[in-house]
Amino acid sequence: MPRTHHLRVHPSADRLARTDQLAWAIAEVAADPVPVPDDVVDMVVNRVIDNAAVTAASLTRSPVVAARAQAVAHPHAASSARHGSTVSGLAPDVRVSPEWAAWANGVAVRELDYHDTFLAADYSHPADNIPPLVAVAQHVGRSGADLVRAIATGYEIQVDLVRAISLHAHKIDHVAHLGPSVAAGLGTLLGLAPDVTFQAVGQALHTTTATRQSRKGEISSWKAYAPAFAGKVAIEAVDRAMRGEGAPSPIYEGEDGVVAWMLDGPDASYDVPLPGPGEPKTAILDTYTKEHSAEYQSQALIDLARRLHRERPDLADPANVASIVLHTSHHTHHVIGSGANDPQKYDPTASRETLDHSIPYIVAVALQDGRWHHVDSYAPSRAARPDTVELWRKITTTEDPAWTARYHSTDPAQKAFGGRLEITTTSGEVVVEEIAVADAHPLGARPFARPQYVEKFRTLATDVLGEAEVERFLDVAQRLPSLGPDELAGLTLVAPAAVLDAVRSPGGLF
-19 MPRTHHLRVH
-9 PSADRLARTD
1 QLAWAIAEVA
11 ADPVPVPDDV
21 VDMVVNRVID
31 NAAVTAASLT
41 RSPVVAARAQ
51 AVAHPHAASS
61 ARHGSTVSGL
71 APDVRVSPEW
81 AAWANGVAVR
91 ELDYHDTFLA
101 ADYSHPADNI
111 PPLVAVAQHV
121 GRSGADLVRA
131 IATGYEIQVD
141 LVRAISLHAH
151 KIDHVAHLGP
161 SVAAGLGTLL
171 GLAPDVTFQA
181 VGQALHTTTA
191 TRQSRKGEIS
201 SWKAYAPAFA
211 GKVAIEAVDR
221 AMRGEGAPSP
231 IYEGEDGVVA
241 WMLDGPDASY
251 DVPLPGPGEP
261 KTAILDTYTK
271 EHSAEYQSQA
281 LIDLARRLHR
291 ERPDLADPAN
301 VASIVLHTSH
311 HTHHVIGSGA
321 NDPQKYDPTA
331 SRETLDHSIP
341 YIVAVALQDG
351 RWHHVDSYAP
361 SRAARPDTVE
371 LWRKITTTED
381 PAWTARYHST
391 DPAQKAFGGR
401 LEITTTSGEV
411 VVEEIAVADA
421 HPLGARPFAR
431 PQYVEKFRTL
441 ATDVLGEAEV
451 ERFLDVAQRL
461 PSLGPDELAG
471 LTLVAPAAVL
481 DAVRSPGGLF
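Now the structure itself:
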C-alpha cells in the first residue's frame, strides 16, 4: 500500500528521531529491493534513448563543450574496483572521475531543454537523474539491471517530492528536489543501508537549495548547469556518507531547516506520497517527454500554433492580427508568459535560454513557421525578423482559474498544460482555439512510444554521430536490462573527432 509521509517543522526540543524524518523515509524507499515492473523497465529504456538524442544535438554547444573540458581535466586511472566514467562524445576508454562525468553529461542532457518533464506542485525534469546514476554505475561496475532499479528510484523520489512540495512559490530552484532523488537512486544502485542514504539525502538537499534567478530575467547557460551541479554534488554527498560523514539534521523538519526558512515556514505541513514497503516504484510512468525543444508548458501551444498555421495562414501576418491572448494556468502565465514581467521575454536579442522560456515568442514563431526546430527556431536572425517581432509583441498571457485547476489536478484525465488562444483580427473577427495536452503526451494526438523515441534519436543524432554509431547505441540501450558491467561503457555516444574539434572552449582553472 502507498504511504503518506506527513512533513512539518519540529523545534529542536522535540529531538525528532531520524526514523520520523522525510530523509529517512526516502532512504527506506531506496533500500527496498522491490522488483521493477516490465512497463517501468521499458520506459527507463525509452528515457535513456531520449537523453541520448538531446545529448547528441548539444555536443558542440558552448556550455557542453566547456563542461566536457572541465571533466576531461579530472581523469580517473582505472583499477580493479573503480573504473572511472565515460564522457558523452568521447571514446569509452577516456575515463574521468564519476562526479565530473555526471557534470559534463548532465549539461549535455539539459542544454537544449528537450527531455522529459513532470509538473505538479513544482517543476522537474526527472531524466536529470540518469547521467549521475550511469556515471556511478560505470565507475563501480554495476549491471544494467542494477542501473534500471536505480533510475526507477530516482524518478520515484523526484516525482513524489514534486507532487507535494512547491519550491518555485518561494523562488527556490527545482533542483532542490533533484539532489535528494539522485542520492536516493545512488543508494539503490550501491545497496546502501538506510542510515547511509539518509545522510547523503540530507547533504544533497543542503547543497542544492538555490534561488530561481537561474530561470528569471536574462536566463544564462546556468539553466543547463544547475541540474548537472545537483547530480555532481549528490555523488559527492554519497561518497562522504559512505565514509561515515553526516548531514544537517533534521534537514527538512528542523526549526532552522529548509521548510521553516526556505519554504512555507514554521507552521507549514506537507503530505508526501511514497511507495509502501514492497510496492513497486512506478512514478516514471507519470512523466512525459518533449517533441519540441522548449519549456514543457509551451509544447501543446506549439502544436496548436502549427495547426493554426495550416488552417488559418492569414494569422501569421501581423497586419491581420490586433491581439492574441493566451488564457492559461498560473504557472504558464507567471513563468513563461507576460505575467513574469520580464521585458527580456519580448526582446529579439535575448539569449536562447530566455527565448525558450517565452511563450509569446514561441507562439509567434510556431504560428508563422508551422514547425519548431531546436536550432533554427532560436537563431538570432529568426528572432529579429521584423514581422515576427511585430506579431510577438501582440501576444500576451492571462491566468484562467480553470486551466490552473487542470494543471494541478491529480486526475490524469483532467491534468493539462495547455490553454485557450483568443485571436482578435484587425477586421474584428475573434478566433478561439484551445488545446489541453501536447500531441506527444500519453493522452495526446500522437503519444510517444518506443518508435517515436528511436526516431527522435535518429533525427537528432545521425548527422552528428553517423549512422553506424546511432545503430550501435540503440542496440546497447535497448539491451539495457541485460547488460553486464563491462557493457555499461557502451551507454556513451562517440562523436567523430572532427565534430568535437570544430568548437573550442576558452581555458579555465583546470
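Numbered according to this note's numbering, the sequence shown spans residues -19 to 490.
Heads up, the beta-carbon is just placed ideally off N, CA and C, and yes, glycines get one too.
Closest option to residue 189, judged by alpha-carbon separation, among 213, 179 and 167: 213. In the three-state DSSP reduction, residue 386 falls in the helix class (H, G or I). For residue 302, the uninterrupted beta strand (DSSP E) run begins and ends at 301 to 308, by DSSP. The C-alpha of residue 46 lies about 18 Å from the C-alpha of residue 71. Between the alpha carbons of residue 475 and residue 10 lies a gap of roughly 35 Å. Rounded to whole angstroms, the Cβ separation of residue 7 and residue 181 is 6 Å, and the two are in contact under 8 Å.
Counting along the chain, no beta strand (DSSP E) covers residue 187; the unbroken alpha helix (DSSP H) around it starts and ends at 174 to 187. With distances taken between CA atoms, residue 209 lies nearest to 80 out of 41, 80, 120 and 336.
Residue 420 holds the alpha-carbon nearest to the alpha-carbon of residue 276 among 192, 420, 252 and 33. Looking only at -7, 468 and 482, the smallest Cα-Cα distance to residue 230 is reached by -7.
Restricted to the segment 370 to 441, the alpha helix (DSSP H) segments that are unbroken, complete and at least 4 residues in length are 381 to 388, listed in chain order.
Within the DSSP secondary-structure output, residue 139 pairs in no beta bridge. With a threshold of 16 other beta carbon atoms within 10 Å, residue 355 falls short and is exposed.
Apart from the 5 residues on each side of it in sequence, residue 128 sits with its Cβ closer than 6 Å to the Cβ of 16, 21, 24 and 461 in its chain, given in chain order.
For residue 346 and residue 328, the gap between their C-alpha atoms comes out near 15 Å. Here residue 481 carries a helix assignment [DSSP, helix/strand/coil]. Taking all protein chains in view, the Cβ of residue 490 is surrounded by fewer than 16 other Cβ atoms within 10 Å, so the residue is classified as exposed.
Fully enclosed alpha helix (DSSP H) runs of no fewer than 4 residues occupy 78 to 90 of the segment 51 to 119, in order along the chain. For a cut-off of 8 Å, the C-beta gap from residue 96 to residue 30 is around 6 Å, short enough to register as a contact.
Residues of the same chain with a CB within less than 8 Å of the CB of residue 380, apart from the 5 flanking positions on each side, are 307, 308, 309, 399 and 400 in chain order. Closest by C-alpha distance to residue 454, out of 271, 1 and 28, is 28. Looking at the backbone, the Cα of residue 40 and that of residue 478 are separated by about 11 Å. Beta-bridge partners assigned by DSSP to residue 207: none are found.
Beta-bridge pairing by DSSP links residue 249 to -12.
Only residues of its own chain outside the window of five on either side were considered, and among them 275, 277, 278, 337, 338 and 339 have a CB closer than 7 Å to the CB of residue 316, listed in chain order.
Relative to residue 397, the option among 99, 114 and 194 whose CA is nearest is 99. With contacts defined as CB atoms closer than 8 Å, residue 43 and residue 87 qualify as a contacting pair. If you keep only unbroken alpha helix (DSSP H) runs of at least 4 residues inside the segment 309 to 377, you get 332 to 335, 339 to 349, 360 to 363 and 366 to 372.
With a cut-off of 8 Å on Cβ pairs, the segment 259 to 272 is in contact with the segment 121 to 141, counting three or more such pairs. Per DSSP, the beta bridge partners of residue -17 are 254.
Between residue 243 and residue 145, the CB-CB gap stays under 8 Å. For residue 268, the pairing in a beta bridge is given by DSSP as 97.
Considering only 103, 130 and 111, the residue with the shortest C-alpha distance to residue 157 is 103. For residue 145, there is no enclosing alpha helix (DSSP H), since its DSSP letter is neither H nor E.
Around the beta carbon of residue 233, a 10 Å sphere encloses 16 or more other beta carbons of the protein chains shown; the residue is thus reported as buried. Secondary structure of residue 152 (DSSP, three-state): strand.
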